[in-house]
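Undergrad: In our numbering, the protein residues as written are 2 to 342.
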Ligand code: CP3
């Protein structure tokens, strides 16, 4: 039995005695203790494949920031790698794929049999679950099919993801084949994470914002739906950054929670997704402000969301140059907040 299951209760739509809170990208980035571990390995990928170290950095934010959940330290790009498309993580630049997907042959070569390749993630989950000793839930995660597709075609980060979008217009049939392969891999991956102990899972659609609503309906939503329909044992959080146009449709899926970025007003999200628990959505830049402004902005947001069917978070991952003391203060403000509804 979990000692603190506030996030799971909120995800299931049950009442909670206070608002639960965690931070996207809480593991790594802002913690000096993470930098220490990171500086003692050859590179990011060595860390991602080392269950003992993963366990250590996953627990750090629980110990230091006092968040209501742990999120397993990994990356969304382990899926393309397990499918056969290797990536490099270039220091202070980000991911780079030496080979990208261009043709039918490239798509045909990809494997969907990913579970055997990802034993290091599953071992890490088991180890971390044990080390957590039921203190808080463990969040598993994967990239959304559209976001993974974007990296596999583009080969690196991009402002426009225009190469990835080009395929939607020039070869939609091939795009669908690739999206389906990614989706099948992702479902097997998330199901295995759950078997190994993940209590809830989040699907990150970080590049949803480059798609129009019509494109999201055609190339992203059906695959998000497949994932929601396949995951039956734990709550699913859908987070599509900058896709404010899709809340109504997400409300009709089998997800439990909808993650929101800061461009969406809480009241608007409530009216467009009335049956789901909402998660978010403080602008990560608020954590650059002084403590009195952090408190003011956070409490304004909490008041607007109300205390039930709500999980507090930022509207995207915490930025790497944020002072972790400010992040810690944000968590404290949420935990001490008393709502009147
Ligand atoms: O939330 C957590 O703390 C768990 C760990 C986690 C990482 N990546 C570790 C990481 C999670 C949930 C992710 C998800 C991820 N990875 C996303 C979706 C979330 C989002 O922010 O939109 C995306 C788009 C990626 C791809 C990725 N991985 C990029 C663009 C980069 C480089 C820049 C950066 O720091 O985000 C990474 C590397 C990465 N993944 C780091 C960490 C801690 C930094 C690498 C390092 O320590 O050297």
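For glycine and all other residues, C-beta sits at the position ideal for the given N, C-alpha and C.
Residue 20 by DSSP, collapsed to three states: which one?
TA: Start at 1 with the first residue of the chain shown, and residue 20 comes out as number 19. Correct three-state label for residue 20: coil.
Undergrad: Mind reading off the beta-carbon distance from residue 144 to residue 195? Whole number of angstroms is fine, and I expect it under 8 Å.
TA: Counting from 1 along the chain shown, the entry for residue 144 is found at position 143. Counting from 1 along the chain shown, the entry for residue 195 is found at position 194. Not quite, the Cβ-Cβ distance comes to about 17 Å (not below 8 Å), so this is no contact.
Undergrad: Should residue 166 be labelled buried (16 or more other beta-carbon atoms within 10 Å of its own) or exposed?
TA: Locating residue 166 in the chain shown gives position 165, where the first residue counts as 1. Buried is the call here.
Undergrad: CB residue 188 to CB residue 150, shorter than 9 Å?
TA: For the purposes of this step, residue 188 is taken as the residue at position 187 of the chain shown. For the purposes of this step, residue 150 is taken as the residue at position 149 of the chain shown. Cβ atoms of residue 188 and residue 150: not closer than 9 Å.
Undergrad: If you draw a straight line from the alpha carbon of residue 328 to that of residue 306, how long is it in whole angstroms?
TA: Within the chain shown, the letter at position 327 stands for residue 328. Within the chain shown, the letter at position 305 stands for residue 306. Rounded to the nearest angstrom, the two C-alpha atoms are 20 Å apart.
Undergrad: Label residue 199 either buried or exposed according to how many other C-beta atoms from any shown protein chain fall within 10 Å of its C-beta, with 16 as the threshold for buried.
TA: Residue mapping note: residue 199 aligns to position 198 of the chain shown, counting from 1. Residue 199 should be labelled buried.
Undergrad: According to DSSP, residue 139 sits in a beta bridge with which residue or residues?
TA: Against the chain shown, residue 139 aligns to sequence position 138. Beta-bridge pairing links residue 139 to 71.
Undergrad: In the DSSP assignment, what residue or residues form a beta bridge with residue 279?
TA: Here residue 279 corresponds to residue number 278 of the chain shown, with the count starting at 1. Looking at the DSSP assignment, residue 279 forms a beta bridge with 259 and 311.
Undergrad: Of the choices 27, 128 and 247, whose alpha-carbon is the least far from that of residue 54?
TA: Within the chain shown, the letter at position 53 stands for residue 54. Comparing Cα-Cα distances from residue 54 to each of 27, 128 and 247, the minimum goes to 128.
Undergrad: Please name the residue in 3, 101 and 12 whose C-alpha comes closest to that of residue 311.
TA: Position 310 of the chain shown, counted from the first residue, corresponds to residue 311. Of the candidates 3, 101 and 12, the one whose C-alpha sits nearest the C-alpha of residue 311 is 12.
Undergrad: Compute the minimum distance between the beta carbon of residue 27 and the heavy atoms of the ligand CP3, and state whether it is under 8 Å.
TA: Stepping through the chain shown from its first residue, residue 27 is reached at position 26. Yes - the ligand CP3 has a heavy atom lying nearer than 8 Å to the Cβ of residue 27.
Undergrad: Under 6 Å Cβ to Cβ from residue 159, same chain only, skipping five residues before and after it: list those, please.
TA: Taking the chain shown and counting its residues from 1, one reaches residue 159 at position 158. Excluding residues within five positions, none has a Cβ falling inside 6 Å.
Undergrad: For the alpha helix (DSSP H) containing residue 328, list its first residue and its last residue.
TA: Start at 1 with the first residue of the chain shown, and residue 328 comes out as number 327. Here the alpha helix (DSSP H) through residue 328 covers 325-337.
Undergrad: To the nearest angstrom, report how far apart residue 92 and residue 46 are at their CA atoms.
TA: Looking up residue 92 in the chain shown gives position 91. Looking up residue 46 in the chain shown gives position 45. Spanning the two alpha carbons is a distance of roughly 11 Å.
Undergrad: Would you list, in sequence order, the uninterrupted beta strand (DSSP E) runs of no fewer than 3 residues that lie entirely inside the segment 56-109?
TA: Here the runs fully enclosed are 89-91 and 95-97.
Undergrad: Throw me the rounded Cβ distance for the residue 321 and residue 30 pair, which I believe falls under 8 Å.
TA: As a first step, residue 321 must be located in the chain shown, where it is residue number 320. As a first step, residue 30 must be located in the chain shown, where it is residue number 29. About 5 Å; that satisfies the 8 Å criterion.
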